[in-house]
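*Asks:* Each number in my numbering comes from the position in the sequence shown (counting from 1) with 43 added on. Here's a structure for you.
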Amino acid sequence: MSNYDVVIVGAGIFGLSTAVQLARSKYKVVVVDKFQIPSQLSASCDYNKIVRLEYNDEVYAALAVEAMGYWHGESDKFLPRGMLHDCYSHCGRLSAIQDKNTSRYAFDNDSLQLLQTKFNKCKTVELHKELTCGGKFPQFSHSQRYDEIRYNPDCGIGLARDSLVTMKNYAESLGVVFHENDGAVSVSAGTVQCESGRKFLGHKIIVACGANTVSLLPMYGQIRATGLYVGHIQLTDKEYQKLKDIPVVFNSSLGYLFPPDKHTRILKICTSAMSAYDDMSNKSRAVYRALQPDAAPSVPIEAVVRIRTVLGKYLPDLVFDTKRKSKLRDIIDCKICWISDTSNSDFIIDMIPDLKNVYVCCGDSGHAYKFLPNIGSYVQQKIEGRLAPILAHKWRYRESDWNGTEIEWRVEPEKKALQEIEWYQESYGTPRL
Ligand SMILES: Cc1cc2nc3c(=O)[nH]c(=O)nc-3n(C[C@H](O)[C@H](O)[C@H](O)COP(=O)(O)OP(=O)(O)OC[C@H]3O[C@@H](n4cnc5c(N)ncnc54)[C@H](O)[C@@H]3O)c2cc1C
Numbered sequence: 044m045s046n047y048d049v050v051i052v053g054a055g056i057f058g059l060s061t062a063v064q065l066a067r068s069k070y071k072v073v074v075v076d077k078f079q080i081p082s083q084l085s086a087s088c089d090y091n092k093i094v095r096l097e098y099n100d101e102v103y104a105a106l107a108v109e110a111m112g113y114w115h116g117e118s119d120k121f122l123p124r125g126m127l128h129d130c131y132s133h134c135g136r137l138s139a140i141q142d143k144n145t146s147r148y149a150f151d152n153d154s155l156q157l158l159q160t161k162f163n164k165c166k167t168v169e170l171h172k173e174l175t176c177g178g179k180f181p182q183f184s185h186s187q188r189y190d191e192i193r194y195n196p197d198c199g200i201g202l203a204r205d206s207l208v209t210m211k212n213y214a215e216s217l218g219v220v221f222h223e224n225d226g227a228v229s230v231s232a233g234t235v236q237c238e239s240g241r242k243f244l245g246h247k248i249i250v251a252c253g254a255n256t257v258s259l260l261p262m263y264g265q266i267r268a269t270g271l272y273v274g275h276i277q278l279t280d281k282e283y284q285k286l287k288d289i290p291v292v293f294n295s296s297l298g299y300l301f302p303p304d305k306h307t308r309i310l311k312i313c314t315s316a317m318s319a320y321d322d323m324s325n326k327s328r329a330v331y332r333a334l335q336p337d338a339a340p341s342v343p344i345e346a347v348v349r350i351r352t353v354l355g356k357y358l359p360d361l362v363f364d365t366k367r368k369s370k371l372r373d374i375i376d377c378k379i380c381w382i383s384d385t386s387n388s389d390f391i392i393d394m395i396p397d398l399k400n401v402y403v404c405c406g407d408s409g410h411a412y413k414f415l416p417n418i419g420s421y422v423q424q425k426i427e428g429r430l431a432p433i434l435a436h437k438w439r440y441r442e443s444d445w446n447g448t449e450i451e452w453r454v455e456p457e458k459k460a461l462q463e464i465e466w467y468q469e470s471y472g473t474p475r476l
């Protein structure tokens with residue numbers, strides 16, 4: 044048994060960011076994770092994630108503007124200046140403008156207005172009728188033309204895995220101990236028990252297990268595990284050279300694609316407006332099938348159809364095989380990636396009632412990656428009892444509040460139980476969930 048000031052369970056965005064801030068304040072910290080970091084189960088273990096500023100809520104807009112200072116390498120209050128700058132590319136974002144009657148349209152407009160008036164950001168947003176933006180991005184010269192497109196240069200992507208490893212290395216340099224490949228099986232006041240039987244004692248315990256949080260703590264339906272679909276295509280060197288400087292292309296009702304990864308030449312595509320849940324477990328628990336490789340299908344067939352639709356619309360040259368033009372190109376490394384949703388997409392950062400000094404940080408709702416540099420500082424303020432009341436209230440542990448509220452910025456009509464899915468069989472590589 045080992046004694047710590049704080050035991051953190053889960054080394055995703057919340058866990059790593061918090062470990063760093065606590066260690067900077069000289070806490071003795073251990074981080075326990077079920078897998079090696081970056082964990083294959085972490086929603087943030089990926090090639091890249093969007094780092095955007097657009098929020099119509101002043102709290103998150105301020106948080107995003109603050110975080111951007113670290114991605115840009117300018118700020119130094121929470122991290123050494125420039126530490127995450129190499130894990131970031133300021134590529135900009137092209138967004139398809141949605142139907143003007145949708146809540147998504149209102150969200151985008153309100154967000155830009157807030158950022159421009161209160162934060163002096165996103166002042167150079169441009170509107171276009173076609174994806175090349177008047178020749179700025181010739182890579183899209185074959186794209187379809189019937190969307191209205193917004194180009195926001197004030198946006199980028201974080202290199203997800205690299206940024207997690209950078210944070211872990213920095214935490215280690217500050218004295219944080221990492222205990223990997225040994226998941227927590229139970230948490231009580233003062234103690235975390237692991238699969239191996241190892242116990243960690245801590246004055247405070249923070250559980251930050253993303254979609255798997257409900258396996259350790261009583262959350263009473265406050266969070267739901269939502270599975271999002273991701274697929275990739277392998278580019279040739281020539282294609283990579285052509286596409287390496289594209290911005291993110293985002294369509295909230297279809298899907299989005301990213302500039303390709305420079306090490307692997309892989310281009311990632313995510314679907315929007317479709318997701319999975321696990322019908323076996325009250326719709327709240329993620330099924331980590333990576334633990335059962337034989338039962339590891341990839342994504343639903345319709346997600347692959349959707350991925351090809353996104354490609355066909357924006358990068359049609361990538362739909363067919365480079366050698367056999369009649370053959371569709373393989374969509375590879377398809378997976379379901381789990382997030383922990385709250386009804387209104389507010390995080391939960393609070394002490395668990397009746398579990399003294401046990402805190403939960405979850406409810407990322409698919410938008411927490413960008414806060415890797417700074418969210419830990421707010422978790423620290425919470426456990427030290429000095430979090431601003433407005434934030435403490437916003438991120439409070441609340442009795443189940445799923446009352447039909449929809450996450451306004453996420454278009455999500457198609458939800459499917461895992462048990463009903465017809466899985467896509469990849470012809471390349473090993474499928475996994
Ligand atoms: C497809 C997809 C796209 C996304 N795109 C964006 C984006 O563009 N921009 C953005 O800002 N956000 C994005 N997100 C959201 C972002 O990835 C998440 O908000 C963020 O990763 C949540 O962090 P977390 O710490 O709550 O959980 P996670 O990152 O999931 O980390 C949880 C950790 O807990 C560990 N764990 C689980 N169970 C146990 C256990 N029993 N014991 C010990 N450890 C355990 C896991 O191994 C993992 O390391 C996206 C998410 C997905 C799925």
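Every residue gets a Cβ at the ideal spot worked out from N, C-alpha and C, and that includes glycine. No experiment lies behind these values; they were computed from the predicted model shown.
So, is S132 buried or exposed, given that buried needs 16 or more other C-beta atoms within 10 angstroms?
*Replies:* Classification for S132: buried.
*Asks:* So S295 and R188 are supposed to be a Cβ contact under 8 angstroms. How far apart are they, rounded?
*Replies:* Cβ-Cβ separation between S295 and R188: approximately 19 angstroms, too far for a contact (criterion under 8 angstroms).
*Asks:* State the CB to CB distance for the pair L157 and E109, rounded to an integer number of angstroms; the pair is presumed to be in contact (CB under 8 angstroms).
*Replies:* Wrong, their Cβ atoms sit about 15 angstroms apart, outside the cutoff.
*Asks:* For K287, which residues in the same chain have their Cβ closer than 8 angstroms to its Cβ, ignoring the five residues on either side in sequence?
*Replies:* P302, P303 and K305
*Asks:* What residue does the beta strand (DSSP E) around Q236 start on, and which one ends it?
*Replies:* Looking at the DSSP string, the run of the beta strand (DSSP E) that includes Q236 is T234 to C237.
*Asks:* Thinking C-beta only, is E173 closer than 9 angstroms to S186?
*Replies:* Yes, Cβ-Cβ distance for S186 and E173 is below 9 angstroms.
*Asks:* Any contact of the region 190 to 207 with the region 86 to 103, i.e. 3+ C-beta pairs under 8 angstroms?
*Replies:* yes
*Asks:* So the candidates are G240, K366, D197 and D389; which of them puts its Cα closest to the Cα of L155?
*Replies:* Comparing Cα positions, the closest option is D197.
*Asks:* Just checking, does the region 399 to 412 make contact with the region 46 to 59 on the three C-beta pairs under 8 angstroms criterion?
*Replies:* yes
*Asks:* For H436, which three-state DSSP category applies?
*Replies:* helix
*Asks:* Let me check you understand the geometry: is the CB of D322 closer than 8 angstroms to at least one non-hydrogen atom of ligand 1?
*Replies:* no
*Asks:* Under the three-state reduction of DSSP, which class applies to Y189: helix, strand or coil?
*Replies:* coil
*Asks:* Return the first residue and the last residue of the beta strand (DSSP E) that D376 is part of.
*Replies:* I375 to D384
*Asks:* Around the Cβ of E97, are there at least 16 other Cβ atoms within 10 angstroms (buried) or fewer (exposed)?
*Replies:* Classification of E97: buried, given that the 10 Å Cβ count is 16 or more.
*Asks:* Would you list the one or two residues that DSSP bridges to Y320?
*Replies:* A460
*Asks:* Looking at the unbroken beta strand (DSSP E) that takes in K247, where does it start and where does it end?
*Replies:* K242 to V250
*Asks:* Taking three-plus beta-carbon pairs below 8 angstroms as touching, is the region 236 to 250 in contact with the region 347 to 361?
*Replies:* no
*Asks:* Within this structure, are the beta carbons of I374 and I276 separated by less than 9 angstroms?
*Replies:* Cβ distance < 9 angstroms, so I374 and I276 count as in contact.
*Asks:* Closer than 8 angstroms by C-beta to C134: which residues in its own chain qualify, once you throw out the five before and the five after it? Chain order, please.
*Replies:* C198, G199, I200, D288, I289, P290, V291 and P302
*Asks:* Does the beta-carbon of P81 have 16 or more other beta-carbons within 10 angstroms, so that it is buried, or is it exposed?
*Replies:* buried
*Asks:* Cβ of Y402 versus every heavy atom of ligand 1: is any distance shorter than 8 angstroms?
*Replies:* no
*Asks:* Tell me whether H222 is buried or exposed, calling it buried when 16 or more other Cβ atoms sit within 10 Å of its Cβ.
*Replies:* buried
*Asks:* Put T314 into one of helix, strand or coil per three-state DSSP.
*Replies:* If DSSP states are grouped into helix, strand and coil, T314 belongs with the strands.
*Asks:* Quick one, which of I392, C313 and Q424 has its alpha-carbon nearest F121's?
*Replies:* Q424
*Asks:* Which of helix, strand or coil does DSSP assign to D280?
*Replies:* Taken through DSSP and simplified to helix, strand or coil, D280 comes out as helix.
*Asks:* Got a sec? Which residues, its chain only, sit under 6 angstroms from E465 by beta carbon, not counting five neighbours each side?
*Replies:* I344
*Asks:* CB-CB under 6 angstroms to N417, same chain, minus the five flanking residues each way: which ones, in chain order?
*Replies:* E109, A110 and F121
*Asks:* Thinking C-alpha only, which one of G274, K285, L278 and Y320 is nearest C313?
*Replies:* G274
*Asks:* Please determine, among E457, L244, N387 and A319, the residue with the shortest C-alpha to C-alpha distance to L271.
*Replies:* Cα-wise, what sits closest to L271 is A319.
*Asks:* Under the three-state reduction of DSSP, which class applies to F414: helix, strand or coil?
*Replies:* helix
*Asks:* Report the residue from L259, D322 and Y103 whose alpha carbon sits nearest the alpha carbon of Q462.
*Replies:* D322
*Asks:* What residue does the alpha helix (DSSP H) around G199 start on, and which one ends it?
*Replies:* First-last for G199: G199 to L202, but that is the beta strand (DSSP E), not the alpha helix (DSSP H).
*Asks:* DSSP on S258, reduced to helix/strand/coil?
*Replies:* helix
*Asks:* Helix, strand or coil: how does DSSP classify V102 here?
*Replies:* helix
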